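Below is one structure, written out as structure tokens; comments come after it.
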Amino acid sequence: MDGMLFDASSVSCDADEANAIFPDDVEFHHGTDGLSVGGQVRKNTRRPAASCPADRGITHTVVPGTLRTCPIQDYGAMQAGKHRFDERGVAASTLAQFVSVWHLHDGMASRPCFRLRPSRH
Numbered sequence: 013m014d015g016m017l018f019d020a021s022s023v024s025c026d027a028d029e030a031n032a033i034f035p036d037d038v039e040f041h042h043g044t045d046g047l048s049v050g051g052q053v054r055k056n057t058r059r060p061a062a063s064c065p066a067d068r069g070i071t072h073t074v075v076p077g078t079l080r081t082c083p084i085q086d087y088g089a090m091q092a093g094k095h096r097f098d099e100r101g102v103a104a105s106t107l108a109q110f111v112s113v114w115h116l117h118d119g120m121a122s123r124p125c126f127r128l129r130p131s132r133h
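Numbering (the working numbering), first residue to last: 13 to 133.
Next up, the structure:
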């Protein structure tokens, strides 16, 4: 699901597809920007899609060996790992840790999303 979200918001730049993943009560906790809920998360997702990171040479990958997925019986799953963001012409990558809690609704996973502060490397 994490890959689907980033592909939709940062590669194909389809905000509607990215926002379809979120339930109405989605929560996004960001180490710098704080808490966003519901419609604000959807609005915030439209911004990067509108400027299409892929068109600007920005790529996103999960750092190999960092992704951990833990099932939560009768609820969904939790994922944790590190994302790496690279930008064409910029020597340093940005690393960001993440923890995502996915809740299973009608056979489809959706998530409130929790991210920790990014660091430059």
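Beta carbons: idealized from backbone N, C-alpha and C, even for Gly.
This one's a predicted model, so the numbers in the text were calculated from it and none came from an experiment.
A contact between stretches requires three or more CB pairs, one per stretch, nearer than 8 Å, and the segment 19-28 meets this requirement with the segment 50-61. Three or more beta-carbon pairs drawn from the segment 107-117 and the segment 88-97 are found closer than 8 Å, and the two stretches are therefore classed as touching.
Take D36, set aside five residues on each side of it, and the residues of its chain with a beta-carbon closer than 8 Å to its own are G50, in chain order. Per DSSP, D28 is one residue of the alpha helix (DSSP H) stretching across A27 to N31.
The continuous alpha helix (DSSP H) containing A61 extends over residues G51 to S63.
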